[in-house]
Structure formats: C-alpha cells, structure tokens
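The block underneath contains the structure these notes are about, expressed in structure tokens.
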Amino acid sequence: MGRAAGSPSSCPLRIRGGKGMGYRVLVVDDEEEVVEILAEFLMEEGFEVVGSRSAEEALAIFRKDDVDLVVTDVRMPGIDGVEMAKEMRERKPDIPIIFISAYVDFSELKGMIEGSFSFFHKPFDLSDILEEVRRYLFRGGEGICWKG
Amino acid sequence: MVGEEVRSPKMCRRGEKDWIGGLFLLDMDLKVVAWSGLESIPGSEGLEGREIWEVIPESSLGDKLEETRRTGRISLLEGVEVEGEMLDLVLVPLIAGGEVRNLLVIADSLLIKDRVMAEELLESTRRLKDRIVEIAHLMDIMKHLIATYSLDDLLSAIAKSIGAVTRCKACTLRLVEKEGLVLKASFGMKGDPLYAKDVVGFEETVLGSVLRTNKPLFIDDISSLDDELDVVDRDGMRSLLAIPISSGEEVFGVLTLYSDADEPYSDGEISIISALSGEIAVVIQSALLSRELERASEEISILRNYSESIIDSIPVGIAAVDIGLRIVKWNAAMERITGGVRGFVFGMPIEDVFPRLDGVDIVEELKAVIEGACIREYQRLEVGRDGMVVNMWICPLKDKIGDPIGALIIAEDITERVALENRLRKAERFLYLGEMAAGIAHEINNPIGIISAYSQMLLRKLGKGQVDIEEIAKYVRKIDEETARCGGILRTILNMSKPSEWRPVDVDIRGIILDIVQLTEPQRNQQGIRLLLEMGDELPVVSGDPQQLKQVFLNIVMNALQAMPNGGTLSISAERRKESGREWAAISVADTGYGIPEKDIRRIFEPFYTTRKDGSGLGLFVSYGIVQRHDGDITVESKVGEGSRFTVKLPAKD
C-alpha cells in the first residue's frame, strides 16, 4: 500500500494572480494535494503563491525569489521543515514562518527553532491560516502562535 | 682512657713475680675453647681448637680428665711438667642440665709451694664452679622459656640472673636497634631504669667500641673515664665489664656489668661470662627469631583472613572443590545462592550440597572441566529454590606446575536482573503500543487534513454561489481518494493486529527465494542490478506460513532494489546454520545501495518509519512481526554509502 507518488515535474507550482497586493507566499509540503489546495485558497485571497514539494527545492526558490511568508510542512523526506526554516532565517531573519504538521507537536518545535513562528496541526482550518497570514503581512504581527 | 682489653685469655697476675698459671676451657673432645695465662710458655699463642695434650703433654691428663667427666667431681693432678715449669692442675667439670658440658683446667705454679693458697683457690674454684653451673642452668631454663616469655621478660630475667650470679652492683643489657644500643633490661639500678640511658650511640662510646671489636672490655676505674657510659650516675661504681652479645660475626648487643670493686671478677669468671655471652646471644637470637616467626605467622594469618574476607565480600557465589569433588571453599554469596551453610559443607561431596540445576549435571560438568582444563559457562540457569536464576561458570583449578587440583564454581545471582528485564520488556511493549497508536494517528491525520481542506474549499465555493460542476467534482474526487487512503492504512493495521489463523506447513525457503528472484527480474533489469544467488543444498525445511514468509523476503528484496536506483549488486544467500544449540535456515539479502545511517538503524522496524517519499513505513514492521511469529530473528548491518545486509533466521523444523 502507500500513496500514489505525484510526478516531480509538476513542481514548482508557481501561480501568480489574486488582488495584486504584491505579497508572495511560499507553500512547502511533500503532499501535492496540500500544496495545491493552500495555493488555490491563498491565491483566491489575493496572494501570489509559489508551491514546492521539497525543502531543497523551496530553498532554491527562496534564494532566488523575494518571498514574504512561508507555509511549510515539518516532516518531509530529505531536508525537513525545521532545517529549511533555519536556513531561511539565516538569510532573512524576520521571514514569517507558519508550520503545518500531522506528526509534530507545537511543543517539540518550540525547542528546535529560534524566533517567532506559527503552528497549525493537520487537519487545519483554512480560515485560521488565512488569518495568520494576514496578521503577519498586514499588521506586522509577531509571536508564537498555535492552532491545533 | 679505655681499660685494658680482656683478651681471652689474659695473663693472670696476683702480684707474685714468679707465679705462672693459666686457665683452659675445654669442650668434650678435650679441645681448647678458651684459655688464659701461660704467656711465658713458648708457642702458647693460638691454642684454641687444639687438643689439651698438645699444650700440656702429660700422659695421665687424659685419664684424669675422663675421670672428672665421668664423676662430675673436681680432681687434682700434681707436679706436671710444662716446658720446664712444674705446675699443678685442677680439673673442674662444668655441669649444665645435669651433664658435664665443659671441662676447666686450672694450671698453677704456686699450688705445690703453698697448700693453703691451693686450698683457697680450690675453694674459690668450687664457688666459681657452683656459679657457672648456676648460670648454665639458668641459661637452660631460659632457652625453654623463650617460647612462653615475651622477649622483654626474657631479657629482664637474663639481666637479673647475671646480676645475681656475678656479684656485680648493677648491669645493663642492650640490643642493637636502628637508633643505637637500646636498653632492654637492667638490674640493680637505683630507681631503675632512671640511671641507665635509654639509648647509647654506636660511635665514640665505650659500648660502641665493644660492638665494633666484638671483644669483651674491662675498665678497672670508671671514675676517671670522661667517655660516655650507659649509666647516668656512676656513684658507687668502680669497674666495668662490657661483653658483646654475639653469634659469630654478628653482634646483637652488649651486656655491661658494673661493680664497686676494682677487680670484682676472677679471671675465670670473666672467661666464663664471656663464654656465656655466646649462650645469651643464642637465647636472644632464638627469641628474636621466634618473635619474628610469630609476627610472620600473624601476618600470614592476617593476609589469609584478608583474602578470605575478600572472597566472602564478593557478591558472586564462589565454591571450590578438590579433585575428588569435595568442597574446600564456599563463600557467603554461595551460601545465599545454594542455602548450603559454610561450616557444614566443607569436605562434603558437591552433589550432596549443590542444588539441582535445570538441565546441568554438576558432577559431570566438573569432571569435564577438570579433565579438559577448559572454562564452561552457563547462562540463565534456574536454581531449584524460589525461581532463582543464575549465570554460572566452572573453571579448572591448577597447582603451580599446572596439574589439576580441582575446580572453581562461580555463580552470579541474576534473578533480580531477569525480573527487571521482564518488567522492562513489558514496559517496552506498552511503549511500542503507544508509539504505534501515535503512528496510526499521524498517518491518518495527513489524508484527513486534505479531506478537511477540500471540504472547506467546497463549502466556501458553495457558500459564495460559485457552482462549477467540474471544480466540485475535482474536490469530491480528491476527498474520495484520501478517504480510500485512510481505509487502506486502517486495513493494514487491522490485518497486522489480528494474527491471521494459520496452520504451519513445511515451507520450502528455496522455492520462495526463487519465486522472488523471478518476480523482481524486470525491476532488476530496468535498474541494471546484478544478482548473486548462493543457496546451499542443505537448507533445512522450515515450518510456517509460506505466504507470509514470501511477503517478508519480497519486502526485504524490494527495499534492497529501491536502495540501488542507479544499479548495483543484489546478493541473496541461504544456508543451514547451527547456533545456540539449534538448526536454522539463515537467509541474507545484501545490496550495494545507500546504506542506513546509524541513527536510523534502530528505528527501521518501527511502524510508519520510512525515508522514502512513497514508502508506507510498514514493510519492515510487518516483516518483523511475521518473523517473530515464526520464532525467528531478523537483523540488519549497514554502512552509509556501502549498502545494507538483512539476515533472516528461521528455526529448522524439528
């Protein structure tokens, strides 16, 4: 048994559009469906979204493009979400990061990463994620957040 | 001023110009032991060791001496000519312990001339003889006392006796120790021992010189002596006689006699005291030796007690048996383990005391160990009482030249450890269940997360009135797919937790492996993987479920192939093995792929643990369960960059 593997050629999902607010969100998850639906949802809300199915790829995008916020899974094959976030923070210390995970708890993450971040447990509420994204980008929100 | 040295012997002078005389102390072979006087007689130096008739060539002397020895009485031999001089000889037997030990020959030129003097001399000789006998007797007693008296008591007794029999005013007895001549005993000291120094140095003292020369020393006037003496107060003392206490070259100490007379001792007395100092030395030497012996034996007994208490304190049971398998050692821990009480078991045959062991005949094992000179080890033996479990070793005991003298049984009580291990295993099982539940929950959270997200999207769209049938169909399809994924996960878990009912049948491992080789051929070819297959003809038949076992090997082989996406070598070998007293079929599957990092190795059998994007993390977990149900074992060795080797061991059918 096991899941059907998505073809790697479908990445990155670079979907531009929305209401032209000019904010670019990077969505990272090894589950294609999660990237797809978050991208679709955030784009409908007017954000520019870049999707990726691996941390390695996401880091390449992050280095190249100007990204304003990252939504990422934690446990992924290869580099995991935490390592990826650390590298991103080294490059851009104030980059807002929202973690989503089916495995990891908020308390585990707290010890692993410095600075502020948000965390949502899978299954998550799309409107919660939207609220968090807006809080960071429009109100300069900051702090550790947890929604499970 | 140092006094005139008492050479032994010394010319005796009594004022008479023409007097000639001397003393000869003889042993029972009638050889000269010590002598004095007769210096006027030519060739009289160095008489020691010579027979008496070489000195006094008188034909009747031998008979007379023999008579003296036999009767133990003093006798007189008159008018003997020695080198032109006419001398009278007094023959005195010296008796100790009821036997004549020495003979004293007194030669005197005045005897004939003056009978009165002779009588006097005879009288004084008699007195001397009595004292000598007394001293010799005392020495005899002291020799016997060595064993029972302390050295200090013995030395006091010697000092007292010497004092009593020699009419000295006081005497001291000192022994050589590190710091000097140490006062051991004294007699006649005023406020004894206040008037004698505790220690006298070796150098520059009268006593020191006696020690160095190993010769007696007589000083007739100590009042004018500015040299240090061993007494603090010389009041009333006039002369001093210091005698080395020695045995051969070795000097142990000095005996010093003080007297209030200028010439307190007759020459004979000096000779005798000198001769006796040798006896004193022997007594002291034996006392010192016996003391040393005592100390040594004490040390040995302390050492023995020490090693006994070490053996007793060891928390491991130790027993030793001799070659006849009788118990010679049994420590406290062995008492606890076996219940055999120490005082009671010594000398008993081991089989009468040692408890029954599960499947081990102690007598046979001991015999085999003693014969074979090898060490045998027994793990987790159950000892008869209260479910006690021990690890036991039997080792051969050998003497210095390597001949067997018995065997050592070492038993370690591991009952508590075993109980702890059992508890731990139980706890691990619970932990494992917990981990598994968490694994299932997380695994299902992923598809549920997706279902939830699509449902939310669907609701939003429907709420906004944006009804696009195509889009809705897409969302619902996704929801359906993820629901199926949840179902799949749950089904696998259910299959695993419910041990399917199976009746073990004879399984042909060889056939299973050949099937799998065939099954995986297309994938091997596609990835460019070489196959090395090595199967012994003697592969044992295994009892079990062929379908489940096939799944195990398929899982392992598939993992191996997936570890080599760019080609490599797949080695499969199967062989008969004998391990832990059982026959096994051992099947190894090795790849030359990525390898597993050390930190991950212990996790690979955990459920849902995978490093592959599309892995379920259940393959090895399921395989592990199947092998366990077959009473087998599955192990893995791996090195990153070199590859991994999985080995499955299945017990052969009895």
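Chains as they are written, first to last, in my numbering: chain V, 1 to 148; chain E, 1001 to 1654.
Ideal Cβ positions, reconstructed from N, Cα and C, are used throughout, including at glycine.
From a predicted model like this one, the values you see are computed outputs, not experimental measurements.
Residues of its chain near residue i, where Cβ-Cβ distance is below 8 Å and the 5 sequence neighbours each way are ignored
i: residue 59/V; result: 79, 84, 87 and 88
i: residue 1198/E; result: 1182 and 1183
i: residue 1578/E; result: 1584
i: residue 1641/E; result: 1594 and 1595
Same chain, Cβ closer than 7 Å to residue i, neighbours up to 5 away in sequence not counted
i: residue 1/V; result: Confidence in residue 1/V is poor, its pLDDT being 34 and thus under 50, which makes the residue's placement unreliable; the coordinate value appears in the next sentence. Here the set comprises nothing.
i: residue 1051/E; result: 1030 and 1031
i: residue 1479/E; result: 1451, 1454 and 1455
i: residue 1565/E; result: 1527
i: residue 1069/E; result: 1093, 1100 and 1103
i: residue 112/V; result: 82
i: residue 1314/E; result: 1331 and 1333
i: residue 1160/E; result: 1187
i: residue 9/V; result: Note that residue 9/V has pLDDT 37, beneath the 50 cutoff, so the model's placement of it is unreliable and no number is given.
i: residue 1323/E; result: 1370, 1404, 1405 and 1406
Which listed residue (the options) has its alpha carbon closest to that of residue i
i: residue 1580/E; options: 1548/E, 1377/E, 1317/E and 1402/E; result: 1377/E
i: residue 1370/E; options: 1354/E, 1583/E, 1386/E and 1399/E; result: 1399/E
i: residue 1538/E; options: 1641/E, 1028/E, 1544/E and 1583/E; result: 1583/E
i: residue 1255/E; options: 1238/E, 1235/E and 1279/E; result: 1279/E
i: residue 1386/E; options: 1622/E, 1338/E and 1401/E; result: 1338/E
i: residue 44/V; options: 138/V, 135/V and 130/V; result: 130/V
i: residue 135/V; options: 120/V, 109/V, 96/V and 76/V; result: 96/V
i: residue 1540/E; options: 1554/E, 1349/E, 1558/E and 1576/E; result: 1576/E
i: residue 1348/E; options: 1321/E, 1357/E, 1189/E and 1244/E; result: 1321/E
i: residue 133/V; options: 113/V, 33/V, 41/V and 105/V; result: 41/V
i: residue 1593/E; options: 1601/E, 1605/E and 1569/E; result: 1569/E
i: residue 1178/E; options: 1535/E, 1253/E and 1442/E; result: 1253/E
i: residue 1443/E; options: 39/V, 75/V and 37/V; result: 75/V
i: residue 1335/E; options: 1620/E, 1066/E, 1412/E and 1643/E; result: 1412/E
Test item: CB-CB of residue i and residue j under 8 Å
i: residue 73/V; j: residue 28/V; result: yes
i: residue 1093/E; j: residue 1062/E; result: no
i: residue 117/V; j: residue 99/V; result: yes
i: residue 1363/E; j: residue 1325/E; result: yes
i: residue 1265/E; j: residue 1171/E; result: no
i: residue 1246/E; j: residue 1214/E; result: yes
i: residue 1200/E; j: residue 1167/E; result: no
i: residue 1195/E; j: residue 1233/E; result: yes
i: residue 1653/E; j: residue 1508/E; result: no
i: residue 77/V; j: residue 30/V; result: yes
i: residue 1636/E; j: residue 1629/E; result: no
i: residue 1056/E; j: residue 1033/E; result: no
i: residue 1185/E; j: residue 1229/E; result: no
i: residue 1601/E; j: residue 1567/E; result: no
i: residue 1549/E; j: residue 1520/E; result: no
Assumed close pair residue i, residue j - CB separation to whole angstroms, cut-off 8 Å
i: residue 1345/E; j: residue 1330/E; result: 5 Å
i: residue 1472/E; j: residue 1458/E; result: 7 Å
i: residue 1405/E; j: residue 1397/E; result: 5 Å
i: residue 1064/E; j: residue 1091/E; result: 6 Å
i: residue 55/V; j: residue 1446/E; result: The Cβ separation is near 17 Å, so there is no contact.
i: residue 1563/E; j: residue 1591/E; result: 5 Å
Cβ neighbours of residue i in the same chain (closer than 6 Å, five flanking residues each side left out)
i: residue 1016/E; result: Caution is warranted here: a pLDDT of 42 is assigned to residue 1016/E, below 50, making its placement in the model unreliable, and no coordinate value can be reported.
i: residue 1379/E; result: 1391
i: residue 1649/E; result: 1584, 1586, 1632 and 1633
i: residue 1054/E; result: none
i: residue 1241/E; result: 1218 and 1257
i: residue 1107/E; result: 1021, 1022, 1087 and 1089
i: residue 983/E; result: Examination of residue 983/E is not possible in this model, given that chain E is present from 1001 through 1654 alone.
| query | Relative to chain E, which residues along the segment 48-66 of chain V have a C-beta separation below 8 Å, given in chain order? | reply | Sequence-ordered contacts of the segment 48-66 of chain V with chain E are nonexistent [C-beta pairs closer than 8 Å].
| request: Name, going along the chain, the residues of the segment 69-80 of chain V whose beta-carbon falls closer than 7 Å to a beta-carbon of chain E. | output: If the cut-off is 7 Å between Cβ atoms, the segment 69-80 of chain V has 77 near chain E.
| Using a Cβ cut-off of 7 Å, which residues of the segment 86-106 of chain V contact any Cβ in chain E, in chain order? | Going along the segment 86-106 of chain V in chain order, one finds 102 and 103 with a Cβ nearer than 7 Å to chain E.
| request: Give, in chain order, every residue of the segment 17-43 of chain V whose Cβ lies closer than 8 Å to some Cβ of chain E. | output: Of all residues in the segment 17-43 of chain V, those with a C-beta nearer than 8 Å to a C-beta of chain E are 30, 31, 33, 34, 37, 38, 40 and 41, reading in chain order.
| query | Of all the residues that make up the segment 1525-1542 of chain E, which are near chain V by a beta-carbon distance shorter than 9 Å? | reply | Those residues of the segment 1525-1542 of chain E that come within reach of chain V (Cβ to Cβ, closer than 9 Å) do not exist; the list is empty.
| message | For the segment 1434-1455 of chain E, list every residue whose C-beta sits within 7 Å of some C-beta in chain V, in sequence order. | response | Against chain V - using a Cβ distance shorter than 7 Å - the residues of the segment 1434-1455 of chain E are 1442, 1445, 1446, 1448, 1449, 1450, 1452, 1453 and 1454.
| When Cβ atoms are compared, which residues of the segment 107-138 of chain V fall closer than 9 Å to chain E? | Going along the segment 107-138 of chain V in chain order, one finds 121, 122, 123, 124, 125, 126 and 127 with a Cβ nearer than 9 Å to chain E.
| query | In chain order, what residues of the segment 1567-1594 of chain E put their CB closer than 7 Å to some CB of chain C? | reply | Any reference to chain C falls outside this structure, whose protein chains are V and E.
| task | Closer than 9 Å, Cβ to Cβ, to anything on chain V: give me those residues from the segment 1472-1499 of chain E, in chain order. | result | The segment 1472-1499 of chain E vs chain V, Cβ under 9 Å: 1475, 1478, 1481, 1482, 1485, 1488, 1489, 1491 and 1492.
| said: Taking beta-carbon pairs under 7 Å, can you tell me which members of the segment 1337-1349 of chain E lie near chain V? | reply: Taking 7 Å as the Cβ-Cβ cut-off against chain V, none of the residues of the segment 1337-1349 of chain E qualify.
| said: Give me the subset of the segment 1626-1654 of chain E whose CB atoms are less than 7 Å from a CB atom of chain V, sorted by chain position. | reply: For the segment 1626-1654 of chain E, the beta-carbon criterion of a distance under 7 Å to any beta-carbon of chain V is satisfied by none of its residues.
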